[in-house]
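Note that the sequence shown covers residues 721 to 1135 in my numbering. Beta carbons: idealized from backbone N, C-alpha and C, even for Gly. One structure is given here, and the rest of the page talks about it.
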Amino acid sequence: MLFLLIGGCGFILFLTLFRIYTTTQASFTPYRVPFLSYISQQLPPPNSTEQLELSMAGTIYALRLEDGEQSWQTEPSIPSFDKLVIDEMLNDNIGYYLSATNTRYLVIKASHRRFIFGHRFVNPDDSAYRMVVLLIPLLTFLLLMLGYFIAGRFFIPINWIKKGALRIGEGDLSYRIPYKRKDELGQLVDIVNQMAEDLERIFDSKRQLLLAISHELRSPLTRMKLNVALIDENKVSLRLTDDIDDMRDIVEGLLDSERLQGQHKALDKCNVDAEQLIWEIVDEYELNTNIELVFNQPLDQVFVDVAKTKFLLRNFINNALKYTEAKGRQIKVTAYLENQTFYIKVCDNGCGIAEQHKDHIFSPFYRADQSRGRKTGGVGLGLYLCLLIAKAHGGDIQVTSELGKGSCFLANFPQ
Ligand code: ADP
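Structural data, given as structure tokens:
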């Protein structure tokens, strides 16, 4: 748009100047006067208009020559001397005169001849004039296109930087922008790449620390559990066992997440009977939990990591149970194959998830309702691990939920 605007303004400016140049009387600049008086002295008495035109060819001036009763003129628009009025006299024989239309003429008197000089006006029908008027916009347009194309090429690296920054911002810290020039944009790319590298290093060392702690905590936790089991069961020992179980869940969850995120994805995929896989999990729950299982069509074999898929489904169902009141509870598990993708969906009629939490519930340790935490158990790692599992299979998880009405979690596993 900017280019078009500049081009349009340039074109209008050019046309205006062109018009001023072709119509102005100001170009009778002082040095033209001696030139034209020289011409008028040298001009042989013309025999015809053609001869006069020949003499004036190549100049920008039109001429009417009056010699007694006779007159010749190169352009019909030049009025005769008696139709002109004095505007400004330079000396006795040379002066500017104005016509009835206010056009300025230079009149030179030489003995019995009168030379009336005016500007040769451009004839709009003139093919050369038409060429110029057509060529200018065309050339302007072509130049603009060229400018736009060249500017576009300058902006290509900016698009790469934009895409790169978005990918890095989405968490793909191993991504580097592939631009290797030494210009200003190259320097900017280097800075962004360096920033990604630094971030990757910081996150990596944090993860390593977390993993090292998790690893180290495993053995003391097992020992603690054993020791608690040795003391007589009472309220305190039971609470301790619960807390130790929570801590073990966190440690195992963190170690699992590392395995799923690692370079070598920890998936052990095989062909399994999808219906059987789902049934095995649903069968783990008691009948009074009100879980309804629906297969939209008979399911074939699917190629997934059985243990991880079971973990995901178990987690979905556990959440549905946790976040739905027992009274009137309805949980529906649906599994189907569509477009070469295996879908598992778990819906409940529970408390639902508020809009502001929806984007965060897949983040590690995020819990929408902190106060509920103690009551329901769980540490906020379940959905994070589920998402990692789905992603490791090349799939994803979508959630739809309405506060107070219920939620649906849909995981897909491309086959
Ligand atoms: P948690 O151990 O807290 O259940 P999750 O990662 O499984 O951790 O879930 C994260 C948060 O998502 C939960 O704290 C809860 O607020 C919300 N959530 C998950 N599933 C449901 C559900 N079916 N209904 C309502 N909220 C849910």
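| Cβ separation of D1068 and I1051, assumed to be a contact under 8 Å, to the nearest whole Å | 5 Å
| field | Own chain residues within Cβ distance below 8 Å of Y868, not counting five before or after | value | F723
| Through-space distance from L863 to I806, alpha-carbon basis | Their backbone Cα atoms lie some 48 Å apart in a straight line.
| message | Assuming S934 is part of the alpha helix (DSSP H), what are its boundary residues? | response | E904 to L950
| Taking the continuous alpha helix (DSSP H) assigned at R1034, which residues delimit it? | V1026 to K1042
| said: Can you determine whether any heavy atom of the ligand ADP sits closer than 8 Å to the C-beta of G1072, and answer yes or no? | reply: yes
| query | Should F1082 be counted as a contact of the ligand ADP given a C-beta to heavy atom distance under 8 Å? | reply | yes
| field | Bridge partner(s) assigned by DSSP for Q790 | value | D787
| request: Compare the C-alpha of F837 against each of T823, F923 and L929 and name the closest. | output: T823
| query | Using DSSP with H/G/I as helix, E/B as strand and the rest coil, what is S847? | reply | helix
| field | beta-carbon Y1043 near the ligand ADP non-hydrogen atom, thresh 8 Å | value | yes
| Around the C-beta of E789, are 16 or more other C-beta atoms found within 10 angstroms, so that it is buried, or is it exposed? | exposed
| field | DSSP beta-bridge partners of H839 | value | The partner list for H839 (beta bridge, DSSP) reads Y781.
| query | A994 lies in the beta strand (DSSP E); which residues open and close that run? | reply | Bounds of any beta strand (DSSP E) do not take in A994; it lies within the alpha helix (DSSP H) bounded by A994 to V1002.
| query | Is A1112 buried or exposed, if buried means 16 or more other CB atoms sit within 10 Å of its CB? | reply | buried
| In whole angstroms, what is the alpha-carbon distance linking C990 and V1066? | 23 Å
| request: Could you name the residues of the same chain whose beta carbon sits closer than 6 Å to that of R833, not counting the 5 residues immediately before and after it, in chain order? | output: D787
| query | Whose CA, out of L866, E920 and L1103, lies closest to the CA of N1038? | reply | L1103
| request: Using beta-carbon positions only, say whether A916 and L893 come within less than 9 Å of one another. | output: yes
| Proximity winner among L763, T1054 and L1107, relative to L785 (alpha-carbon distances) | L763
| Residues near M809 by beta carbon distance below 6 Å, same chain, minus five either side | G815
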